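Numbering that gives the first Met the number 0 applies: residue 0 is where the sequence shown begins, and numbers increase by one. What follows is one structure encoded as C-alpha cells, with my remarks underneath.
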Amino acid sequence: MRYRFLALLYIFTALCFAQEVTEKEYNSTSVKVNTYIDGTLITPYSDNNVPLIIFIMDAGAINRDGNDRMSKNDTFKLVSIALAKRGIASYRFDKRLFRIDDLGIHENEISLDHFIEDVKSIVQYFVKNNKYSKIILAGHGQGSLVGIKAVEKQVAGFISIAGNAQSIDQIIIQQLEKQAPGLDKKALAAFNDLKEKGRAIDYDPALESIFGYKLQPFMKSWIKYNPSEEIKSLDIPILIIQGTKDIQVETSEAKKLKEAVPNASYTIIENMNHIFREIKGGRLENHKSYNEYWLDIMPEIIDTITDFTLQ
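Right, here's the structure in full:
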C-alpha cells in the first residue's frame, strides 16, 4: 500500500511539474511607458538577453491585441505568444487614442506625428532597460509608416507587414476610383484643398468619414508622408511581408516598397489575409475571420519574422 501511495505521489508530482513547465513558456507583464502608452510585454523564459520586437498597430482604434470595437481576432496577442515560444520578446501597446478621454485630449488634436513620437519613447524606454540583444520595429498597415519614421540609431531592424508604399491620399483616391467612380475626383479636389489651404470645406457629404472636421488635422499630418520615399532613409535590415488574400492592402504596395529598397527581404505569403489567417475562399470567409479569434495564425508569418529577427 505504501509503495502504491508513493507511486501515485510521484505521478502527481510529475504531472504538476509538466504543467508548470508548460505554463512557464513565456511571461506576460503590463508595462506603462508614460502617460500616453500602456502595453503588454511578453518575454520567453531565458537566462540570455533576447531580441525584442515592438509591434505598431494599423489605422483606427486597434488595441494592443489587434482588435477594435467591432471585431475580436487577437492577432497580435497570438503572434506575440508564438514568438515568445521561439525565444523572441515583444511589446504591443494601445495607441494614445485610447487615453484621450482620461487625459482630456480632443480627437482633432492628435496627429500621426504623435504616434511616431510614442514609438520613439517606447524604443528609448527599452534601450534604458538594457535587457535585450536588439530592438526591432514591426508596423502593421498604417503602423508600417509610423515605424519607418520612428526608427532611430538604437533600432536594429524594421518589419513592414501589409504596409502601403504610396501616400494615403493616393491610396484612397485609387480605391474610390474602383468602388465609387466620380467620388475619386471629388476626393482629389478635397485633398488638394487640405494640402494647399489647410482645410477642406466644400467636399461631398459621402466623404465625411475621410474629411470630417475632427479627422482633417490627422489626415493632413498623414498625407504628407510617402512611405516608399521615407523607407529609403533606413540603413538597417528590412523585411517586407504581404499576404495574397489581403483585402485592405494590395500586394502591389509591397512590391513598390521592395522596389524602393531592393536589398530588403521580401516575403509574399500565399492565401494570407490582413490579420494573418489562411483564406481559401472568397470575401465572405475573409470578412468573417476578423471575428474568429480561434483561427490559427499562419505559421509562415511566424517563421518569416523569426528567421529575420534571429539572423
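Just so you know, even glycine gets a beta-carbon here, dropped at the ideal spot from N, CA and C. In this text the structure is predicted, and so the values were computed from the model without any measurement.
Per the DSSP secondary-structure output, residue 307 pairs with nothing in a beta bridge. Collapsing the DSSP output to three states places residue 192 in a helix. Taking C-beta atoms under 8 Å as the contact rule, residue 93 and residue 48 fail to qualify, at a distance of about 26 Å. An exposed status is given to residue 293, since fewer than 16 other beta-carbon atoms sit within 10 Å of its beta-carbon.
Inclusion of residue 90 and residue 38 in the CB contact set at 7 Å is warranted, their separation being smaller than that value. By the C-beta density criterion, residue 127 is exposed, having fewer than 16 other C-beta atoms within 10 angstroms. The beta carbons of residue 57 and residue 173 sit no closer together than 7 Å.
In this structure, residue 122 and residue 153 form a Cβ contact; the two beta carbons are roughly 6 Å apart against a cut-off of 8 Å. In this structure, the beta-carbon distance from residue 151 to residue 84 does not fall below 7 Å. The C-beta distance from residue 53 to residue 136 rounds to 5 Å, short enough to meet the 8 Å contact threshold. Taking 7 Å as the cut-off, the beta carbon of residue 72 is found no closer than this to the beta carbon of residue 213.
Taking C-beta atoms as the reference points, residue 139 and residue 167 fail to come closer than 7 Å. Every alpha helix (DSSP H) stretch that sits fully inside the segment 130-168 and reaches 4 residues is listed by chain position as 141-149.
By DSSP's assignment, residue 238 forms a beta bridge with 158 and 264. With a contact defined as Cβ atoms closer than 8 Å, residue 74 and residue 65 qualify at about 4 Å.
Under the three-pair Cβ rule at 8 Å, the segment 263-279 does not count as touching the segment 176-193. The continuous beta strand (DSSP E) containing residue 36 extends over residues 36-43. When the five nearest sequence neighbours on each side are left out, the beta carbons in the same chain lying within less than 6 Å of the beta carbon of residue 242 are those of 268, 271 and 272, in order along the chain. Bounds of the alpha helix (DSSP H) holding residue 120 are 111-128. Annotation for residue 93: no alpha helix (DSSP H) segment contains it, though the beta strand (DSSP E) segment containing it runs 88-93. A distance of 7 Å or more separates the beta carbons of residue 256 and residue 232. Cα atoms of residue 280 and residue 99: separation of roughly 39 Å, rounded to the nearest angstrom.
As a beta-bridge residue in DSSP terms, residue 55 pairs with 138.
Annotation for residue 192: 199 place their beta carbon closer than 6 Å to its own, counting only its chain and skipping 5 residues before and after. Apart from sequence neighbours up to five positions away, the residues of its chain that approach residue 237 with a beta-carbon distance below 8 Å are 156, 157, 158, 159, 230, 260, 262, 263 and 264, ordered along the chain. The C-alpha of residue 80 lies about 7 Å from the C-alpha of residue 41.
Residue burial annotation: residue 184 is exposed, with fewer than 16 other C-beta atoms found within 10 angstroms of its C-beta.
Contact annotation: residue 101 and residue 220 have beta-carbon atoms that are not nearer than 7 Å.
Within the DSSP bridge table, the entry for residue 29 names 39 as partners. Here the alpha carbon of residue 133 sits roughly 43 Å from the alpha carbon of residue 189.
Within 10 angstroms of the beta-carbon of residue 59 lie fewer than 16 other beta-carbons, which makes it exposed.
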